[in-house]
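Asks:
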Amino acid sequence: MRTLMIEPLTKEAFAPFGDVIETDGSDHFMINNGSTMRFHKLATVETATPEDHAIISIFRADAQDMPLTVCMLERHPLGSQAFIPLLGNPFLIVVAPLGDAPVSGLVRAFVTNGRQGINYHRGVWHHPVLTIEKRDDFLVVDRSGTGNNCDEHFFKEDERLILAPHQ
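The following block contains the structure:
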C-alpha cells in the first residue's frame, strides 16, 4: 500500500478539488461604518437544481485510529460541501480529482492549520471528515434536496492507501 504524503493546505494546491476558506491572503473590504472587514465570497455553495437548498449543520466528529487505511472515498454529485472548524483545530483532508471513480494513484492528503476551512466542489471525491483531535466540531454548509447526493467508492485491496500523520 502507498502511504500518502500529507501536504500543508494551500489555495493553489487544493484548487482542483475546491476552495480553501481562510482570511490569510484573501481580499476584503470594510463594512459596518469601517468597523468590520468582510472577506467576501471565499467559497460558492453549489447545488444541482433550483429546488435545492443550501443548509448549515454542525458535525461532531470522533478521531479514527492512525495510521488509517483509506478504503473508500465519497462524493456529492448534486452539491458542494464545506467544512469550517469551530474549535480551531487542524484536521486532515483526503481527496481525489473529479471522475467516474477515484484513481488511487491520484489521491492526495492535506492538513489544515486550524484556521482554514475547505469547500469540496460538486463531485470531488473525498474521505469523510478526519479530525486529529479526539473529538472536534465543524460547521458544514452543503445541499439539501431530492435525489441521491452521496456516492461511495470502495478501493480494491491493492488500491488502498495508508494515512499516517504522525510519521
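Residue numbers (my numbering): 358 to 524. Idealized CB from N, CA, C, for every residue including glycine.
(1) Quick check: what's the CA-CA separation for T393 versus T380?
(2) In three-state terms, what does DSSP make of F371?
(3) Which word fits F530, buried or exposed, when buried means at least 16 other C-beta atoms lie within 10 angstroms of its C-beta?
(4) Using the rule of at least 16 other Cβ atoms within 10 Å of the residue's Cβ for burial, across every protein chain shown, is I475 buried or exposed?
(5) How many angstroms separate the CA atom of D493 from the CA atom of H484?
(6) Does the Cβ of D515 have 16 or more other Cβ atoms within 10 Å, making it buried, or fewer, making it exposed?
(7) Go to P442, then tell me how far its beta strand (DSSP E) extends in each direction, as first and last residue.
(8) Which value, in whole angstroms, describes the spacing of the CA atoms of K527 and G456?
(9) State the start and end residues of the unbroken beta strand (DSSP E) segment that holds H510.
(10) Is the beta carbon of F448 sitting closer than 8 Å to the one on I489?
(11) Based on Cα-Cα distance, which residue from A411, L444, V451 and T503 lies nearest to G520?
(12) With distance defined between alpha-carbon atoms, name the residue in I363, H385, I388 and E431 nearest to F512.
(13) Apply the 10 Å Cβ neighbour rule to G375 and answer buried if 16 or more other Cβ atoms are within range, or exposed otherwise.
(14) Report the three-state DSSP secondary structure of D409 (helix, strand or coil).
(15) Could you tell me whether the region 500-512 touches the region 408-428, where touching means 3 or more Cβ pairs closer than 8 Å?
(16) For a quick check, are the C-beta atoms of P373 and V468 less than 8 Å apart?
Replies: Inspection of the coordinates gives the following:
(1) As a working note, residue 393 is residue 36 in the sequence shown. As a working note, residue 380 is residue 23 in the sequence shown. Rounded to whole angstroms, T393 to T380 spans 13 Å at the Cα level.
(2) Here residue 371 is taken as the residue at index 14 of the sequence shown, counted from 1. For F371, the three-state secondary structure derived from DSSP is helix.
(3) With the chain represented from 358 up to 524, any question about residue 530 goes unanswered, as that position is not in the structure.
(4) Here residue 475 corresponds to residue number 118 of the sequence shown, with the count starting at 1. I475 should be labelled buried.
(5) Translated into positions along the sequence shown, residue 493 becomes position 136. Translated into positions along the sequence shown, residue 484 becomes position 127. Computed Cα separation, rounded: 16 Å.
(6) As a working mapping, residue 515 is identified with position 158 in the sequence shown. Around the Cβ of D515, a 10 Å sphere holds fewer than 16 other Cβ atoms; the residue is exposed.
(7) As a first step, residue 442 must be located in the sequence shown, where it is residue number 85. Counting along the chain, the beta strand (DSSP E) containing P442 begins and ends at Q438 to P442.
(8) The requested residue 527 does not occur in the structure, where the chain is confined to residues 358 to 524.
(9) By one-based count along the sequence shown, residue 510 stands at place 153. D508 to F511 is the extent of the beta strand (DSSP E) around H510.
(10) For the purposes of this step, residue 448 is identified with residue 91 of the sequence shown, where counting begins at 1. For the purposes of this step, residue 489 is identified with residue 132 of the sequence shown, where counting begins at 1. Taking 8 Å as the cut-off, the beta carbon of F448 is found closer than this to the beta carbon of I489.
(11) Along the sequence shown, one-based indexing puts residue 520 at 163. Note that residue 520 is Leu in the sequence shown here, rather than Gly. Out of A411, L444, V451 and T503, V451 has the C-alpha closest to the C-alpha of L520.
(12) Locating residue 512 in the sequence shown gives position 155, where the first residue counts as 1. Ranking I363, H385, I388 and E431 by Cα distance to F512 puts E431 first.
(13) If you number the sequence shown from 1, residue 375 lands on position 18. The residue in question, G375, is buried, as its Cβ has 16 or more Cβ neighbours within 10 Å.
(14) The residue given as residue 409 occupies position 52 in the sequence shown. Annotated three-state conformation of D409 is coil, per DSSP.
(15) They touch, by the three-pair rule.
(16) Translated into the one-based positions of the sequence shown, residue 373 becomes position 16. Translated into the one-based positions of the sequence shown, residue 468 becomes position 111. No, these two residues do not count as a Cβ contact at 8 Å.
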